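Trainee: The structure is given below, and queries will be raised subsequently.
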Amino acid sequence: MKKSSLTKLTAALVVTAIILSGCGSAEREQPEEAGRKGLDRETFTEMAESESTQETKETVDGFTPEEMDLIKYNYYVELNNDIVEIMDSIDYYFEVVAYEEEFSLLPDTGLTYGYRVYGKNTDILDDCVMLANMEPDYGELDTMVKEMEEPLRALMDTFLDISGSNDYAENQYQKAKEYHAVVYANADVFAAVAYDFVDEIGKLGNERMAEEEERLKEEGLLINYNASRAISIGRAVLDEAYSQGVDDENLTDLDLTEIRKLHDELVAVVADFDAATEDNDQLVKESLSNSRPFDGLLDGLISALEWMMKQAESGVLPDMSGSGAPLGSMAHFSYVLGQCIDRYNSVFVD
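Numbering (my numbering), first residue to last: 101 to 450.
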């Protein structure tokens, strides 16, 4: 059941999708932010149950169909991020507990029950279930949200109980046995849909990122464009590794043919980014006061990729026994990519 490589890699991929969905010039309203502030639970319910189709198509709570599309997309991406964390918790749970119907701890793991297991509140899930019944129609994604609801909700709640429990060992692990019954019953049912949901959101994110980057380029927003392209290339690196079935556990199997091409493209894009930030007129055009808005993070992304490539060529796997992400690992590259994403958000979106 476990597919740890996918869950560890998608953490960066999924976040990338949300940052580019609402970025633009300073004059444009951010409907995804308006959506989070303006669509409360009561409004969601009214919208989902509304029979006034003409009104719904023209405007919903003051939002146009285009803005509703952006709101729904961003909520689905946030749900996707929650899904990734729950998938990680499933992986970590079964590093301590045997993957069997009857509860039993695995011997000699050196890990305690509940190791790195974290639940999630169901707010985003609740909202997405309502959005799944609303326009715009997202087809299979809407269907998958509905199919995942019950098992995902059970796992979110149960992992919250596990992470907040301090008496699970009492009465011969009676509580742990109860938790296990829920996890075992729902993990595979959830995963059967969740992996497809992750893949579909990734495809949709790629399409939207490409469209947004084309707009940025056409409008001459070269700092924003090249920062976005650098992140897209980083995502492509992880996509390529994933397509080969490679993660840090078999990093030395990575075929670097396409990775090298992506590396060269990343170097060129970062050089264009640096050139654009050195142009004062360009900084003014994009309303930026800092000539180093990424503080070298994009250079760090190049370095992280080069270390990863060297690690793959060395024939030696990265030491993943600790809790961190060692230099040369895919996890480290993903971590640096995440830092670039966070900085992009703060510079161009927030």
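Yeah, the Cβ is synthetic: ideal placement off N, Cα and C, and Gly gets one too. Here the structure is a predicted model, which means the values were calculated and not measured.
(1) Just how far apart, CA to CA, sit residue 124 and residue 320?
(2) Hey, which unbroken runs of the beta strand (DSSP E) at 3 residues or more fall wholly within the stretch 354-396?
(3) For residue 381, count neighbouring C-beta atoms within 10 Å of its own C-beta (all shown protein chains included) and say buried if the count is 16 or more, exposed if not.
(4) Return the first residue and the last residue of the alpha helix (DSSP H) that residue 298 is part of.
(5) Output the boundary residues of the alpha helix (DSSP H) element that contains residue 433.
(6) How far does the alpha helix (DSSP H) with residue 351 in it extend, from its first residue to its last?
(7) Please classify residue 410 as buried or exposed, where buried requires at least 16 neighbouring CB atoms within 10 angstroms.
(8) State the CB to CB distance for the pair residue 362 and residue 341, rounded to an integer number of angstroms; the pair is presumed to be in contact (CB under 8 angstroms).
(9) Taking DSSP's pairing of strands, which residues face residue 416 in a bridge?
(10) With a cut-off of 8 angstroms on the beta carbons, I'd call residue 263 and residue 192 a contact; round off their distance for me.
(11) For residue 177, which three-state DSSP category applies?
(12) What separation, rounded to the nearest whole angstrom, lies between the Cα atoms of residue 246 and residue 172?
(13) Residue 207: buried (16+ other C-beta within 10 angstroms of its C-beta) or exposed?
(14) What residue range does the alpha helix (DSSP H) around residue 334 cover?
(15) Report buried or exposed for residue 132, applying the criterion of at least 16 other Cβ atoms within 10 angstroms of its Cβ.
(16) Going by DSSP, name the residue or residues bridged to residue 197.
(17) Could you name the residues of the same chain whose beta carbon sits closer than 7 angstroms to that of residue 316, not counting the 5 residues immediately before and after it, in chain order?
(18) Taking residue 195 as the reference, give the member of 202, 277, 209 and 330 with the closest Cα.
(19) Tell me which residue opens and which closes the alpha helix (DSSP H) that residue 230 is part of.
(20) Count the other CB atoms, across all protein chains shown, that sit within 10 Å of the CB of residue 334; report buried if there are 16 or more and exposed otherwise.
(21) Closest by CA to residue 307, which one among 336, 204 and 295?
(22) Do residue 430 and residue 372 come within 8 angstroms of each other at the CB atom, strictly closer than that value?
(23) Just how far apart, CA to CA, sit residue 448 and residue 393?
(24) Using the rule of at least 16 other Cβ atoms within 10 Å of the residue's Cβ for burial, across every protein chain shown, is residue 227 buried or exposed?
(25) With burial defined as no fewer than 16 other Cβ atoms inside 10 Å of the residue's Cβ, what is the status of residue 302: buried or exposed?
(26) Mind reading off the beta-carbon distance from residue 203 to residue 277? Whole number of angstroms is fine, and I expect it under 8 angstroms.
(27) Mind checking residue 287: buried by the 16 CB within 10 Å criterion, or exposed?
Mentor: In terms of the structure at hand:
(1) To locate residue 124, count along the sequence shown from 1; it is residue 24. To locate residue 320, count along the sequence shown from 1; it is residue 220. Legend: pLDDT at residue 124 = 32, less than 50; position of this residue unreliable, no value from coordinates given.
(2) none
(3) Position 281 of the sequence shown, counting from 1, holds the residue named residue 381. It is exposed - the Cβ of residue 381 has fewer than 16 other Cβ atoms within 10 Å.
(4) The sequence position of residue 298 within the sequence shown is 198, counting from 1. Looking at the DSSP string, the run of the alpha helix (DSSP H) that includes residue 298 is 270-318.
(5) The count along the sequence shown starts at 1 and reaches residue 433 at position 333. That run of the alpha helix (DSSP H) goes 430-444.
(6) Your numbering for residue 351 matches position 251 in the sequence shown. Here residue 351 belongs to no alpha helix (DSSP H), and DSSP marks it neither H nor E.
(7) In the sequence shown, counting from the first residue as 1, residue 410 sits at position 310. It counts as exposed.
(8) Residue numbering aside, residue 362 sits at position 262 when the sequence shown is read from its first letter. Residue numbering aside, residue 341 sits at position 241 when the sequence shown is read from its first letter. About 10 angstroms; that fails the 8 angstroms criterion.
(9) If you number the sequence shown from 1, residue 416 lands on position 316. DSSP, once it has assigned bridges, lists no residue as partnering residue 416.
(10) Counting from one through the sequence shown, the residue named residue 263 turns up at place 163. Counting from one through the sequence shown, the residue named residue 192 turns up at place 92. That belief does not hold up - the Cβ atoms of residue 263 and residue 192 are roughly 11 angstroms apart, past 8 angstroms.
(11) Counted from its first residue, the sequence shown places residue 177 at position 77. Correct three-state label for residue 177: helix.
(12) Working through the sequence shown from its first residue, we reach residue 246 at position 146. Working through the sequence shown from its first residue, we reach residue 172 at position 72. If you take the alpha carbons of residue 246 and residue 172, they lie about 14 angstroms apart.
(13) By 1-based counting over the sequence shown, the position of residue 207 is 107. Per the 10 Å Cβ criterion, exposed.
(14) Residue 334 sits at position 234 when you count from the first residue of the sequence shown. From DSSP, the alpha helix (DSSP H) with residue 334 extends over 322-343.
(15) Along the sequence shown, read from residue 1 onward, the residue named residue 132 stands at position 32. Unreliable positioning characterises residue 132 in this predicted model, as indicated by a pLDDT of 42, which lies under 50. The coordinate reading is nonetheless provided below. Flag for residue 132 reads buried.
(16) Here the question's residue 197 lines up with position 97 in the sequence shown. In the DSSP output, where bridge partners are listed per residue, residue 197 has 205.
(17) Position 216 of the sequence shown holds residue 316. Cβ neighbours of residue 316 beyond the five flanking positions: 324, 325 and 328.
(18) Position 95 of the sequence shown holds residue 195. Answer by Cα proximity: 209.
(19) Position 130 of the sequence shown, counting from 1, holds the residue named residue 230. Unbroken alpha helix (DSSP H) run through residue 230: 223-231.
(20) Mapped onto the sequence shown, residue 334 falls at position 234. Residue 334 comes out buried.
(21) By 1-based counting over the sequence shown, the position of residue 307 is 207. Of 336, 204 and 295, the residue nearest in Cα terms is 336.
(22) Position 272 of the sequence shown holds residue 372. Position 330 of the sequence shown holds residue 430. Taking 8 angstroms as the Cβ cut-off, residue 372 and residue 430 do not qualify as a contacting pair.
(23) Here residue 448 corresponds to residue number 348 of the sequence shown, with the count starting at 1. Here residue 393 corresponds to residue number 293 of the sequence shown, with the count starting at 1. Roughly 10 angstroms between the two C-alpha positions.
(24) Residue numbering aside, residue 227 sits at position 127 when the sequence shown is read from its first letter. By the 10 Å Cβ count, residue 227 comes out buried.
(25) Locating residue 302 in the sequence shown gives position 202, counting from the first residue. By the neighbour-count rule (16 or more Cβ atoms within 10 Å), residue 302 is buried.
(26) What you label residue 203 is simply residue 103 of the sequence shown in a count that begins at 1. What you label residue 277 is simply residue 177 of the sequence shown in a count that begins at 1. About 4 angstroms; that satisfies the 8 angstroms criterion.
(27) Here residue 287 corresponds to residue number 187 of the sequence shown, with the count starting at 1. Buried is the call here.
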